[in-house]
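*Asks:* Below is the structure I would like to discuss, written out as C-alpha cells.
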Amino acid sequence: MLLAERLPLSSCGLCGRVTLDSLHAQVPSLDDTWEVAGASVLAWPRRLRETQEAFEKTGGMHAAGLFDATDTLVDVAEDVGRHNAVDKIVGRMLLAERLPLSSCGLAVSGRASFEIVQKALLARIPLVAAVSAPSTLAIELAEESGVTLLGFVRDGGYNIYSHPRRVV
Numbered sequence: 012m013l014l015a016e017r018l019p020l021s022s023c024g025l026c027g028r029v030t031l032d033s034l035h036a037q038v039p040s041l042d043d044t045w046e047v048a049g050a051s052v053l054a055w056p057r058r059l060r061e062t063q064e065a066f067e068k069t070g071g072m073h074a075a076g077l078f079d080a081t082d083t084l085v086d087v088a089e090d091v092g093r094h095n096a097v098d099k100i101v102g103r104m105l106l107a108e109r110l111p112l113s114s115c116g117l118a119v120s121g122r123a124s125f126e127i128v129q130k131a132l133l134a135r136i137p138l139v140a141a142v143s144a145p146s147t148l149a150i151e152l153a154e155e156s157g158v159t160l161l162g163f164v165r166d167g168g169y170n171i172y173s174h175p176r177r178v179v
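Put into C-alpha cells, the structure is as follows:
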C-alpha cells in the first residue's frame, strides 16, 4: 500500500476506502435511542441563522449549531470554514467535559462533507442536518456508522440519506 493511500491530504480531506475502513475500525457505530421531531429539525436552520452575528455583518460566515434532546440550542459557532465551526463546538464541549454528545443533533449552514460527519461521529453526535447537499462519502460514512444524515433542510422540507428512524 502506498503511504499516500493512508494519509489525509489537504487536496481532498480524507480520501479512499482505506481511510474509511480505518475509521470504522476505530469508532463503533452509534446507538439508536436518540430521536428528534422532524418539525424541530426543519426549524434548526432558521434558529441557527438568527444567532449568526458575524454572518449578519459580513455575509461570509458558516455556522454550526448543537441542539440537545429538549430542542435547546446548546452552542453555536461561526467561522469562514464550516469544518472550523464544527471544531469550535466540539472543542468547547470537550473542554466543558460534556462529551460524548449522544443526545444532541448538529446543524450546519453549508454542505455535509465526509469530514463533518466524521467529526460528529467521533463526538458521538447521532444526527447531522445540513442546509445543502451531503457528499457521497458523507452518506456512505453516515450509513455505515449509524449517523442520521439530512440534507437540503430548508424551504419546509429535507432529504434523509441514512438512518431515518431517528426523525419522528
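Under this note's numbering, the first residue of the sequence shown carries the number 12, and numbering increases by one thereafter.
Ideal Cβ placement from N, Cα and C applies to all residues, glycine included.
(1) Which of the three DSSP states is assigned to Thr-159 in this structure?
(2) Measure the C-alpha to C-alpha separation of Pro-5 and Ile-127 and round it to an integer number of angstroms.
(3) For the alpha helix (DSSP H) containing Ser-51, name the first residue and the last one.
(4) Just the C-alpha distance for Ala-140 and Leu-77, rounded to the nearest angstrom, thanks.
(5) Look at the Cβ atom of Val-91, then the Cβ atom of Met-72, and state whether they are nearer than 9 Å.
(6) State the DSSP-derived secondary structure class of Leu-110, mapped to helix, strand or coil.
(7) Whose C-beta lies closer than 7 Å to the C-beta of Leu-133 among residues of the same chain, with five residues either side of it excluded?
(8) In angstroms with no decimal places, state the Cα-to-Cα distance between Gly-116 and Asp-79.
(9) With a 10 Å radius around its C-beta and 16 neighbouring C-beta atoms as the bar for buried, classify Pro-175 as buried or exposed.
(10) Using a threshold of 9 Å, state whether the C-beta atoms of Val-178 and Trp-55 are closer than that.
(11) Bridge partners for Phe-78 per DSSP, in chain order?
(12) Output the distance between the C-alpha atoms of Gly-49 and Ser-173, rounded to the nearest integer angstrom.
(13) What runs of the beta strand (DSSP E), each 3 residues or longer, lie entirely inside the region 116 to 150?
(14) Between the Cα of Thr-69 and those of Thr-81, Arg-58 and Glu-89, spot the shortest distance and give me the residue it belongs to.
(15) Check the C-beta distance from Gly-167 over to Leu-53 and give it rounded, since I have them as a contact under 8 Å.
*Replies:* So, to answer that:
(1) In the sequence shown, counting from the first residue as 1, residue 159 sits at position 148. Strand, per DSSP.
(2) Any property of residue 5 remains undetermined from this structure, which presents the chain solely from 12 to 179.
(3) Taking the sequence shown and counting its residues from 1, one reaches residue 51 at position 40. Its alpha helix (DSSP H) spans residues 49 to 61.
(4) For the purposes of this step, residue 140 is taken as the residue at position 129 of the sequence shown. For the purposes of this step, residue 77 is taken as the residue at position 66 of the sequence shown. Inter-residue distance for Ala-140 and Leu-77 is about 10 Å (C-alpha atoms, whole angstroms).
(5) Residue numbering aside, residue 91 sits at position 80 when the sequence shown is read from its first letter. Residue numbering aside, residue 72 sits at position 61 when the sequence shown is read from its first letter. Going by C-beta atoms, Val-91 is nearer than 9 Å to Met-72.
(6) Here the question's residue 110 lines up with position 99 in the sequence shown. Three-state result, Leu-110: coil.
(7) Within the sequence shown, the letter at position 122 stands for residue 133. Cβ within range, chain order: Val-38.
(8) Start at 1 with the first residue of the sequence shown, and residue 116 comes out as number 105. Start at 1 with the first residue of the sequence shown, and residue 79 comes out as number 68. Each residue's alpha carbon lies about 6 Å from the other.
(9) Here residue 175 refers to the residue found at position 164 of the sequence shown. Result: exposed.
(10) Your numbering for residue 178 matches position 167 in the sequence shown. Your numbering for residue 55 matches position 44 in the sequence shown. With contacts defined as CB atoms closer than 9 Å, Val-178 and Trp-55 fail to qualify as a contacting pair.
(11) Sequence index remark: in the sequence shown, residue 78 carries index 67 (1-based). Paired residues: Leu-84 and Gly-116.
(12) As a first step, residue 49 is located in the sequence shown; it is residue number 38 there, counting from the start. As a first step, residue 173 is located in the sequence shown; it is residue number 162 there, counting from the start. Rounded to the nearest angstrom, the two C-alpha atoms are 14 Å apart.
(13) The DSSP assignment places 138 to 141 as complete runs of the beta strand (DSSP E) inside the region 116 to 150, in order along the chain (cut-off: 3 residues).
(14) Taking the sequence shown and counting its residues from 1, one reaches residue 69 at position 58. Sorting Thr-81, Arg-58 and Glu-89 by C-alpha distance to the C-alpha of Thr-69 places Glu-89 at the top.
(15) Against the sequence shown, residue 167 aligns to sequence position 156. Against the sequence shown, residue 53 aligns to sequence position 42. Rounded, the Cβ-Cβ distance is 7 Å, consistent with contact.
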